[in-house]
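What follows is one structure encoded as structure tokens, with my remarks underneath.
Residue numbers (my numbering), protein chains in the order written: chain H, 2 to 481; chain C, 10 to 498.
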């Protein structure tokens, strides 16, 4: 047996034993996640710095803090979530009762990604243990320090029979996908998402795919200068803030009316300077590019001659430190790589339109993104955006914060994936909602049984219409 | 134009399927299907169509399956009418955005979850309830505002043709189409990019559907089957238990239903009594010669007839028949058949029976039944008859299946407040009632923020003070926030 099969036997056995179903087990695991993160905050900061050059504040905001918040929220709600829900039943079935019971799916596989290597590993795990599953977690090999941290720490804090961490690259991923799982939760790219789903099909395993996409930002003409300033701050915060743009809900490009573009560019430059100083490279407030491959990919996007000509700010690349300066591009060609693929890096194209209304058509002619951000005070435009475009979610007048709302489902649609999580949705993602109906033995309705005749047909028609008066007449022989 | 995708009547190929999808995509993009009016008018159309053609539907089902009229009315016509009516009644309510509370962290803000249609969806249905299983998902797809292509099963040709004709007449054909055909046509359809695929059928094809969907990252609902067990405890009214099993087994298309009881588990003591009651009740229902009864469906085709006789004629099984076993290959009929104590390694215990054969397994203690059920793959339904509260609780806790019914069989299908769908080998995703609407909707999170409440701590340059405040904010403790703001942490 290889390491992969071996590591699976124990969680399978642990699930079978039934121990993971109890409230106490689930709560103890959630507490363990909280302790793990709290006790090892400094190590997490260190690992994230090593892998991505992430600043501790960013680490806390996007990883440590969000995990703590999710785990605490689940801890406070899990008992409520587990309680069976009553279903109302029609009178025809009297006496009977219906309820919905959330049961764990079994052994689940979680693929985390490298850009938020701690939170995108632990956040789904919170859902999996809340729902009473055992789990195998495969962190991304592209963030090796975080991957080792998780592999070394998780067994010390969580139930090591039920929760396994397996490190490795694509070959290990492939071997894991050969196995039969009860659910696969994947965060990453559409390309690998397809591979995961194809493998899952062999075993009829349900999947949740958290992918990305080119998330647009619509910047309407805001009349108040202070509003524009705030909008720009939030745009900068969501482009270069989260992992230097290497984030699935980061802004990919901005749509703006032509006349506003110069103001926008000026404000962007000012804000970048106030956030990252004259030399962003030395500010320590921006992440580096994850690795050489991605650095090269971004360099290629930028060095397309037509694209290079559209650079209005930044554009310098520092190969040794894998650092790319915050870069702004004005109207790069729409058929260039930078506008065809998800950028996933610190480059911000600004696309100008004659009229901001055109942004709807612009977005609709491309694959569905994970998020649409829109800065506008125009209520009818807001309604139009919500009803006429499609995306995982829509956030008005801010960026990124939708990720923090426990009561909002987080997930994509179309190319940006399917399935959702966060808060109760995480619990649901890893649960099967089992319908349970309980009947008494009396009274017994004779017309349910053959041999069939006209009376029985009449009876059933009325019963289906919930026509109780008609049923009474029929039974009394007053209706034909 | 009568439903079939090509006016010249040729079967659909990849090219035709591609242009069909493009056409529907155009119709969806125009936004017509999103309006309440369109959804309502199409649901009304379905309802009218079902009312106007009740007799034609029953006739098609008789031709495809020899289905008794009452069964057709009960399980197909009436159920579909109910689905339409419920959707019409609740549609406004379903379409309304759901308000959601937001946290202190994102204050001030408001949020809602908006249900939006997925786009152009493909529904592939089954032959056993060819009317209901085709149109019940269509009700959900329409209610949610999608454009739809329906591929009925070629194994029930009369119903397939009827659906193509009727949907052509009653539905808005710019957005709702029927494509008839078999494997080649289905393959051509599956190559296309859909926004959802809803498949009812078996696990083998389910895997093919999901693999095809993976290419385009299309979410799927798979409504499959499985060996749905019935556990019978002692101390229950055996007559009622048997009748309810009979009506769920032979009264549901002669066992050719995904939620039909597949086999029974009971104790060694109870088994002989159970068999006796079955015999007398079956005789009351279907007479001395069930092959003559008008109240039983026939087997759908000769392939399935052969498959079932093979299960029955296996050496280690053929001597276990305690009731029935008669068959008529010319009329594709098999009588209700009960087998006692078939070996667990027999064919009949290792595939979904999907026909009128009912094996009874006996155990020393009822608890052993959980082991038997859980050692197989997860079924779509599991049933138990018991008066013992503890036994019931144990069953509910330990048996995993799409749905459970205590003291009855199959009727949970008719309860629209319960989601209907499988788990594991019995499928994924659920529908019925509001769950159908949800299955064909994307739940879009929408967060509204104002320009106020902009906290500098979110932005670089990062400092220790910001870290402290952030910890307090994400922790949601007001005291912590105040402390951090006043610099005393």
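Positions of the beta carbon are idealized from the N, C-alpha and C atoms, including for glycine.
This one's a predicted model, so the numbers in the text were calculated from it and none came from an experiment.
Rounded C-alpha distance that separates residue i from residue j
| i | j | result |
| --- | --- | --- |
| residue 11 of chain C | residue 172 of chain C | Below a pLDDT of 50, predicted positions are generally treated as unreliable, and residue 11 of chain C, at 38, falls in that range; no measurement from the model is reported. |
| residue 412 of chain H | residue 121 of chain H | 13 Å |
| residue 288 of chain C | residue 370 of chain C | 17 Å |
| residue 282 of chain C | residue 334 of chain C | 20 Å |
| residue 444 of chain H | residue 416 of chain C | 12 Å |
| residue 406 of chain H | residue 264 of chain H | 32 Å |
| residue 48 of chain H | residue 227 of chain C | 36 Å |
| residue 111 of chain H | residue 166 of chain H | 10 Å |
| residue 26 of chain C | residue 198 of chain C | 6 Å |
| residue 167 of chain C | residue 309 of chain C | 12 Å |
| residue 273 of chain C | residue 255 of chain C | 12 Å |
| residue 498 of chain C | residue 483 of chain C | No answer about residue 498 of chain C holds up, because its pLDDT of 38 lies below 50 and its placement is not dependable. |
| residue 322 of chain C | residue 391 of chain H | 56 Å |
| residue 195 of chain C | residue 30 of chain C | 14 Å |
| residue 405 of chain C | residue 104 of chain H | 10 Å |
| residue 174 of chain C | residue 455 of chain H | 29 Å |
| residue 470 of chain H | residue 89 of chain C | 22 Å |
| residue 162 of chain H | residue 172 of chain H | 24 Å |
Chain C contact residues for residue i, given Cβ-Cβ distances below 8 Å
| i | result |
| --- | --- |
| residue 218 of chain H | The contacting residues do not exist; residue 218 of chain H stays about 13 Å from chain C at best. |
| residue 88 of chain H | 424, 426, 427 |
| residue 398 of chain H | 457, 458, 459, 460 |
| residue 102 of chain H | 405 |
Chain H residues whose Cβ lies nearer than 8 Å to that of residue i
| i | result |
| --- | --- |
| residue 470 of chain C | 276, 277, 278, 284, 286 |
| residue 219 of chain C | 198, 201, 202, 205 |
| residue 7 of chain C | Within the shown structure, residues of chain C are numbered from 10 to 498, placing residue 7 of chain C beyond reach of any answer. |
Element boundaries [alpha helix (DSSP H), containing residue i]
| i | result |
| --- | --- |
| residue 178 of chain C | 166-179 |
| residue 105 of chain C | Segment: none, residue 105 of chain C is in no alpha helix (DSSP H) and carries neither H nor E. |
| residue 234 of chain H | 226-240 |
| residue 368 of chain C | Careful: residue 368 of chain C lies outside any alpha helix (DSSP H), inside the beta strand (DSSP E) at 366-372. |
| residue 73 of chain H | 66-83 |
| residue 54 of chain C | 45-61 |
| residue 315 of chain C | 311-322 |
| residue 471 of chain C | No alpha helix (DSSP H) contains residue 471 of chain C, which DSSP labels as neither H nor E. |
| residue 35 of chain C | 23-38 |
| residue 340 of chain H | 338-341 |
| residue 198 of chain H | 191-203 |
| residue 448 of chain C | 443-448 |
Run of the beta strand (DSSP E) containing residue i, from where it starts to where it stops
| i | result |
| --- | --- |
| residue 5 of chain C | Nothing about residue 5 of chain C can be read from this structure; chain C reaches only from 10 to 498. |
| residue 258 of chain C | Unbroken run through residue 258 of chain C is the alpha helix (DSSP H), 247-258; no beta strand (DSSP E). |
Contacts that residue i makes with chain H (C-beta to C-beta distance below 7 Å)
| i | result |
| --- | --- |
| residue 77 of chain C | 453 |
| residue 91 of chain C | 465 |
Contacts of residue i in chain C (Cβ-Cβ under 9 Å)
| i | result |
| --- | --- |
| residue 194 of chain H | 223, 226 |
Within-8 Å CB hit, residue i to chain C
| i | result |
| --- | --- |
| residue 136 of chain H | no |
| residue 402 of chain H | yes |
| residue 449 of chain H | yes |
| residue 429 of chain H | no |
| residue 231 of chain H | yes |
| residue 211 of chain H | no |
| residue 253 of chain H | no |
| residue 311 of chain H | no |
Beta carbon proximity, residue i to chain H, threshold 8 Å
| i | result |
| --- | --- |
| residue 416 of chain C | yes |
| residue 200 of chain C | no |
| residue 443 of chain C | no |
| residue 192 of chain C | no |
| residue 475 of chain C | yes |
| residue 498 of chain C | Interpretation of residue 498 of chain C is limited by its pLDDT of 38, a score under 50 that renders its predicted location unreliable; no figure is taken from the coordinates. |
| residue 246 of chain C | yes |
| residue 8 of chain C | A question about residue 8 of chain C goes unanswered here, because the residues of chain C that appear run from 10 up to 498. |
| residue 82 of chain C | yes |
| residue 437 of chain C | yes |
Neighbour list for residue i in chain C, Cβ cutoff strictly below 7 Å
| i | result |
| --- | --- |
| residue 416 of chain H | 226 |
| Contact set between the region 281-306 of chain C and chain H, restricted to residues whose Cβ is under 9 Å from the partner | Across the region 281-306 of chain C, CB contacts with chain H closer than 9 Å involve 290, 293, 294, 295, 296, 302, 303, 304, 305, in sequence order along the chain.
| task | Could you please tell me which residues of the region 337-349 of chain H, in chain order, have their CB closer than 8 Å to any CB of chain C? | result | Sequence-ordered contacts of the region 337-349 of chain H with chain C are nonexistent [C-beta pairs closer than 8 Å].
| query | Taking a cut of 9 Å between CB atoms, which residues from the region 166-193 of chain H lie near chain C? | reply | Listed by position, the residues of the region 166-193 of chain H near chain C (Cβ gap below 9 Å) are 183, 191.
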